[in-house]
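All remarks here apply to the structure that follows.
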Amino acid sequence: MFKSQSEHKSRARVVQFGRHEIVTEGLNLSFWADISHRCMTARWPSFIGGAALVFIVFNAAFAVLYWIGDQPIANVPGGAYIDYLYFSIETLSTAGYGDMHPQTHYGHFIAAVELFTGIFSMSLMTGLIFARFSRPSARLLFADNPVISNHEGKLTLMVRFANERHNIIGNATAKLWLLKNVVSEEGRSFRRFYELPLVRNEHPALALSWTLYHVIDEQSPLYGQTADDLDASGVSLMLVVSGYDVVAAQTVDARKSYDHPDILFGHSYADILGTLEDGRLRIDYGRFHDTVPV
Numbered sequence: 000m001f002k003s004q005s006e007h008k009s010r011a012r013v014v015q016f017g018r019h020e021i022v023t024e025g026l027n028l029s030f031w032a033d034i035s036h037r038c039m040t041a042r043w044p045s046f047i048g049g050a051a052l053v054f055i056v057f058n059a060a061f062a063v064l065y066w067i068g069d070q071p072i073a074n075v076p077g078g079a080y081i082d083y084l085y086f087s088i089e090t091l092s093t094a095g096y097g098d099m100h101p102q103t104h105y106g107h108f109i110a111a112v113e114l115f116t117g118i119f120s121m122s123l124m125t126g127l128i129f130a131r132f133s134r135p136s137a138r139l140l141f142a143d144n145p146v147i148s149n150h151e152g153k154l155t156l157m158v159r160f161a162n163e164r165h166n167i168i169g170n171a172t173a174k175l176w177l178l179k180n181v182v183s184e185e186g187r188s189f190r191r192f193y194e195l196p197l198v199r200n201e202h203p204a205l206a207l208s209w210t211l212y213h214v215i216d217e218q219s220p221l222y223g224q225t226a227d228d229l230d231a232s233g234v235s236l237m238l239v240v241s242g243y244d245v246v247a248a249q250t251v252d253a254r255k256s257y258d259h260p261d262i263l264f265g266h267s268y269a270d271i272l273g274t275l276e277d278g279r280l281r282i283d284y285g286r287f288h289d290t291v292p293v
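Next up, the structure:
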């Protein structure tokens, strides 16, 4: 049987790639099939809200099981549902204040099931929270615009970024990619990737700022290209930086994408280096994104 168009649209997902939004359809991936990834990628308010909802649902369900029993819990005045809900919260969280306790086999059985559920859910939640907090990340500040101008007498594409934490990222490596639309000999249009060679693509200890240089010579995909040419072929840049964070003792990486309107021809970066009166070097990150025409 063919699926309706509305069913296909219900599975559509929007993927953000730079400034472009790509709509994907036809993937039938259920919510529970990739729940761990969803928990790791959800925003913190959504993650906390989802955890609170699961906590409430579990406690409400177990409270119903206590409530329908024949006085399974001692010291429950009047057998009110809200009292069983409070007891369920104490049991699921393994708090167990002690004034209310199971007094029948039925009560002990439900409490044992809830204790197992509580231990399992708390361990799972602890692992998810730890994993979210312990994920390695690099706090890199990327300039808003790549620039193209002369550098040491050669036309050069330049991209500047800095380490916001000012800790040491050892053996940092950078790769700069150019993406553009091309047409094959058979007339098919597709997206092609080009790695742009850098003057230096390694840094022994990235702690402050780093400017990457790609010389636009005859071998460069950008050779002879104008702003209109970049627009026509849908050029975009992808920068990938990785290295070893000596504080976290983990490998970290960061990515930044630029579209063709971001690339400024005939501009260079504003100088952010200076010297204080006592001779110390000064870096003005307030001008980090500034460019000047040349």
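The sequence shown begins at 0 in numbering that gives the first Met the number 0 and counts up one residue at a time. In this text, a Cβ means the ideal position worked out from N, Cα and C, and glycines have one as well.
Nearest-angstrom Cα separation, counted from residue j out to residue i
| i | j | result |
| --- | --- | --- |
| Pro220 | Ser120 | 53 Å |
| Val246 | His165 | 11 Å |
| Leu238 | Leu275 | 33 Å |
| Gly126 | Leu52 | 18 Å |
| Asp252 | Ala62 | 47 Å |
| Leu229 | Ala11 | 30 Å |
| Gly97 | Val75 | 12 Å |
| Gln249 | Gln102 | 52 Å |
| Glu217 | Leu195 | 12 Å |
| Phe1 | Phe129 | The pLDDT assigned to Phe1 is 41, lower than 50, so where the model puts this residue is not dependable; a value taken from the coordinates is nonetheless given after this. One C-alpha to the other measures close to 44 Å. |
| Gly49 | Val146 | 44 Å |
| Ile118 | Val22 | 40 Å |
| Ala94 | Asp283 | 53 Å |
Among the options, nearest to residue i - alpha-carbon criterion
| i | options | result |
| --- | --- | --- |
| His202 | Ile168, Ile262 and Thr290 | Ile168 |
| Asn58 | Lys179, Ser92 and Gly25 | Ser92 |
| Ala206 | Tyr243, Gly48 and Ile109 | Tyr243 |
| Val158 | Glu24, Thr23 and Thr290 | Thr290 |
| Ile81 | Asp69, Tyr65 and Tyr96 | Tyr65 |
| Gln224 | Glu163, His100 and Phe264 | Phe264 |
| Gly68 | Ile21, His107, His36 and Gly49 | His107 |
| Arg286 | Ile55, Leu154 and Ala161 | Ala161 |
| Gly25 | His36, Val13, Ser35 and Val240 | Val13 |
| Ser267 | Ser148, Thr250, Ser235 and Arg279 | Ser148 |
| Tyr222 | Arg281, Arg199, Leu123 and Thr155 | Thr155 |
| Arg199 | Ser235, Ile262, Val240 and Leu177 | Val240 |
| Ile34 | Leu123, His100, Ala73 and Ile72 | Leu123 |
| Ile215 | Gln70, Leu177 and Pro71 | Leu177 |
| Arg131 | Arg37, Gly278 and Tyr284 | Arg37 |
| His259 | Ser232, Glu151 and Gly278 | Ser232 |
| Tyr105 | Ile72, Arg134 and Gly77 | Ile72 |
Range of the contiguous beta strand (DSSP E) that encloses residue i
| i | result |
| --- | --- |
| Glu89 | From DSSP, Glu89 is part of no beta strand (DSSP E) but of the alpha helix (DSSP H) over Tyr80 to Leu91. |
| Tyr257 | Gln249 to Asp258 |
| Phe287 | Premise fails: Phe287 is in no beta strand (DSSP E) and is neither H nor E. |
| Asp244 | Ser235 to Asp244 |
Residue i, enclosing alpha helix (DSSP H) - first and last residue
| i | result |
| --- | --- |
| Gly117 | His104 to Ser133 |
| Gly49 | Trp43 to Trp66 |
| Met39 | Ile34 to Thr40 |
Pair every Cβ in the stretch 111–119 with every Cβ in the stretch 136–143, then say whether three or more of these pairs are closer than 8 Å.
-> no
When the Cβ atoms of the stretch 181–198 are set against those of the stretch 266–275, are three or more pairs found closer than 8 Å?
-> no
Between the stretch 81–95 and the stretch 33–46, do at least 3 Cβ pairs fall closer than 8 Å?
-> no
Cβ contact check for the stretch 205–221 and the stretch 173–184: 3 or more pairs under 8 Å = yes
Would you list, in sequence order, the uninterrupted beta strand (DSSP E) runs of no fewer than 3 residues that lie entirely inside the stretch 201–232?
-> 201–205 and 208–214
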